[in-house]
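For the sequence shown, position 171 (counting from the first letter as 1) is numbered 338 according to the working numbering, and the numbering increases by one without interruption.
Each residue gets a CB set at the ideal place from its N, CA and C atoms; glycine is no exception.
Here the structure comes first, spelled out in structure tokens, and everything after it is commentary.
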Amino acid sequence: MRQIQRQTKVRGFTLIEILVVMVIAGILLALSLGLYGRVKGKQIESRLLSEMAIIELALESYKSKEGQYPPSSADWGNYPLKEWGSTSAVPNPPNRLYKHLCSNSGNSPFLKDVKAELVQGEILLSTAQGQGGELIKWSYNSYNPKYNKSSYDLWVEYGDYGEDGKPGGGDDVVKVISNWAN
Numbered sequence: 168m169r170q171i172q173r174q175t176k177v178r179g180f181t182l183i184e185i186l187v188v189m190v191i192a193g194i195l196l197a198l199s200l201g202l203y204g205r206v207k208g209k210q211i212e213s214r215l216l217s218e219m220a221i222i223e224l225a226l227e228s229y230k231s232k233e234g235q236y237p238p239s240s241a242d243w244g245n246y247p248l249k250e251w252g253s254t255s256a257v258p259n260p261p262n263r264l265y266k267h268l269c270s271n272s273g274n275s276p277f278l279k280d281v282k283a284e285l286v287q288g289e290i291l292l293s294t295a296q297g298q299g300g301e302l303i304k305w306s307y308n309s310y311n312p313k314y315n316k317s318s319y320d321l322w323v324e325y326g327d328y329g330e331d332g333k334p335g336g337g338d339d340v341v342k343v344i345s346n347w348a349n
């Protein structure tokens with residue numbers, strides 16, 4: 168008896184099908200990367216807003232105990248927004264928030280559980296990281312506040328310094344979170 172052999176034709180993907188799949192994968196990748204950047208930005212903003220609320224509560228506790236807000240430097244440097252990017256700008260003095268809120272001379276501190284890596288001398292740093300991985304510094308002025316005349320100004324500047332990684336270029340995208348209305 169004679170066997171009939173059937174030849175099965177092995178069929179692969181056509182070039183068009185492969186290209187369509189690659190285009191779809193590229194579109195999905197682009198959408199997910201764009202969404203990741205937006206989510207990351209919101210995460211930093213949310214963290215900074217919650218830290219600001221905690222610091223404001225500690226400042227109010229300090230005032231209720233001491234009768235005034237913690238002192239800040241009289242030789243204040245720059246406020247954000249208008250002065251941002253000025254190459255001749257005077258840097259802001261230390262915010263001294265750590266000194267007054269975290270190390271309360273043997274008493275219970277107003278800000279509890281502040282880790283050593285969140286302190287730079289007397290300067291209180293945020294847990295959020297800026298461009299390049301450096302921690303973001305809080306700015307505080309109670310000597311002669313520009314916006315909140317009867318209390319204090321508290322703010323943090325964060326964002327992207329552009330390709331050079333330094334403030335002052337035309338490609339800087341900097342955001343400010345503050346206790347005053349912008």
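Notebook entry, point to check: Can you tell me the Cα-Cα spacing of Gly326 and Lys304, whole angstroms?
Noted result: Along the sequence shown, one-based indexing puts residue 326 at 159. Along the sequence shown, one-based indexing puts residue 304 at 137. For Gly326 and Lys304, the distance between alpha carbons rounds to 12 Å.
Next item on the list: Check whether the Cβ atoms of Ser228 and Tyr307 sit closer than 8 Å, and answer yes or no.
Entry: As a working note, residue 228 is residue 61 in the sequence shown. As a working note, residue 307 is residue 140 in the sequence shown. No, Cβ-Cβ distance for Ser228 and Tyr307 is not below 8 Å.
Notebook entry, point to check: With 16 other CB atoms within 10 Å as the buried threshold, where does Val187 fall?
Noted result: The residue labelled residue 187 in the question sits at position 20 within the sequence shown. With fewer than 16 Cβ atoms within 10 Å of its Cβ, Val187 is classed as exposed.
Notebook entry, point to check: For the alpha helix (DSSP H) that Ser240 lies in, which residues bound it at each end?
Noted result: Here residue 240 refers to the residue found at position 73 when the sequence shown is read from its first residue. First-last for Ser240: undefined, no H or E at that position.
Notebook entry, point to check: DSSP state of Gln287, grouped into three classes?
Noted result: The sequence position of residue 287 within the sequence shown is 120, counting from 1. Three-state result, Gln287: strand.
Margin query: What would DSSP say about Gln210, mapped onto helix, strand or coil?
Written below: Here residue 210 refers to the residue found at position 43 of the sequence shown. Reduced to three states, the DSSP call for Gln210 is helix.
Check: Looking only at C-alpha atoms, which of Lys316, Ser217 and Trp347 sits nearest to Ala295?
Finding: Translated into the one-based positions of the sequence shown, residue 295 becomes position 128. Measuring from the Cα of Ala295, the nearest candidate turns out to be Ser217.
Notebook entry, point to check: How should Glu233 be labelled, buried or exposed, when 16 other C-beta atoms within 10 angstroms of its C-beta is the threshold for buried?
Noted result: Within the sequence shown, residue 233 is the residue found at index 66, counting from 1. Classification for Glu233: exposed.
Next item on the list: List the whole-angstrom C-beta distance separating Leu292 from Leu302, where the pair is believed to meet the contact cut-off of C-beta under 8 Å.
Entry: Here residue 292 is taken as the residue at index 125 of the sequence shown, counted from 1. Here residue 302 is taken as the residue at index 135 of the sequence shown, counted from 1. About 4 Å separates the two Cβ atoms, so the contact holds.
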